[in-house]
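Chemist: According to mature numbering (1 follows the signal peptide of the UniProt record, and there is no 0), the sequence shown holds residues -28 to -1, 1 to 178 in order. Each residue gets a CB set at the ideal place from its N, CA and C atoms; glycine is no exception. Remember, predicted model here, so these are calculated numbers, not experimental data. I have a structure I would like to understand better, so I am pasting it below and will then ask my questions one at a time.
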Amino acid sequence: MDRIRTSRTAWAASLLCLGLTLTACGGAQEQGAAPAEEAADSAVTAADAFSVTDPWIKAVTAEEGMTGVFGVLANGSGEEITVVSADYDAAGMVELHEVVSEGTDATMREKEGGFPIPAGGSTTLEPGGDHIMLMELTEDLQPGAEATVTVEFSDGSTTEFTAAVKDYAGANEEYEGGHGEGHGDGEHGSEGEDGGAHGDEGHGDH
Ligand SMILES: [Cu+2]
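Dropping the structure here:
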C-alpha cells in the first residue's frame, strides 16, 4: 500500500510539472512583482521575470533635449530575456544606446538587438555604458522628480518602472529636494537668551 501511494504521488507530481514551464519546475524564484497565482497557469513573460534596481535619470531641461536612464536590470527567470525598446511620455523619441570608444572618442549609438539580460542575472545601465536614451524631451526633468519609463521585451510583454531624476554632476547621493529646509539650525544656540521676549511679540498677528 505504502509503495503504491508513494508512486502515485510521484506520478501526480510529474504530471503537475508537465503543465508548468521548466522555470517553474526548477523552483526559480520570481523576483518581479508578478502575480504569483497566474504564473503557474500561463507561460511566464519576460516582463514578469524583470525587475530593476535603483533606476535613475540624469536631470536635464527640455531645452537640452536628451538624457539617459540608468539602473540595474535583473532577470529572475531561467531563460534570457531581452529589452528591445522603451518609451517615455514626455520624449518624442526613445532609443536603447550603447557607448562605443574609438581611440580617445566615446560616442553613443543605438544598440542593435537591445539589452539582453542573462538567465538569473542582470545587466547594468550606467553613464559611459548602455543606457535608455530619452530624446526630443517636451518637459524638464528636474532633480527630485520621478519619471515612469516603459520597457518592452522581445516576447512582446511590457512593464514600467519609476526612475528618480538626479543631478548627475552633483554625484551619487545628492538629493536637492529638501532645499530651504533646515537652514535655521545655526540659530538654535541663541534661542535660550531671548526666547521669552519672542513669545509675547508674535501673538497679535494670528
Ligand atoms: Cu545615448
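1. Can you tell which of Gly43, Glu35, Ala21 has the C-alpha that lies nearest to the C-alpha of Met107?
2. Is it the case that the Cβ atoms of Val41 and Ile53 are separated by a distance below 7 Å?
3. Considering only heavy atoms of ligand 1, does any lie closer than 6 Å to the CB of Met65?
4. Quick one: Cα of Gly37 to Cα of His69, how far?
5. Would a C-beta distance cut-off of 7 Å place residue 184 and Val121 closer than the cut-off?
6. Using C-beta distances below 8 Å, list every residue in its chain close to Glu124, excluding the 5 sequence neighbours before and after it, in chain order.
7. Helix, strand or coil: which one does DSSP assign to Ala31?
8. Can you give me the Cβ contacts of Glu132 inside the same chain, cut-off strictly under 8 Å, excluding the 5 residues immediately before and after it?
Modeler: Let's see:
1. The residue given as residue 107 occupies position 135 in the sequence shown. Shortest Cα-Cα distance from Met107 to any of Gly43, Glu35, Ala21 involves Glu35.
2. As a position in the sequence shown, residue 41 is number 69, starting the count at 1. As a position in the sequence shown, residue 53 is number 81, starting the count at 1. The criterion of a C-beta distance shorter than 7 Å is not satisfied by Val41 and Ile53.
3. Here residue 65 refers to the residue found at position 93 when the sequence shown is read from its first residue. Because no heavy atom of ligand 1 lies under 6 Å away, the Cβ of Met65 does not count as near it: no.
4. The sequence position of residue 37 within the sequence shown is 65, counting from 1. The sequence position of residue 69 within the sequence shown is 97, counting from 1. Going from the Cα of Gly37 to the Cα of His69 covers about 16 Å.
5. Any answer about residue 184 is impossible in this case: the structure gives the chain only from -28 up to 178.
6. If you number the sequence shown from 1, residue 124 lands on position 152. Taken in chain order, the residues that qualify are Val55, Val56, Ser57, Ala58, Asp59, Thr130.
7. Reading the sequence shown from its first residue, position 59 is the one you call residue 31. DSSP, read as helix, strand or coil, puts Ala31 in coil.
8. Taking the first residue of the sequence shown as position 1, residue 132 is located at position 160. Result list for Glu132: Thr120, Val121, Thr122, Val123, in chain order.
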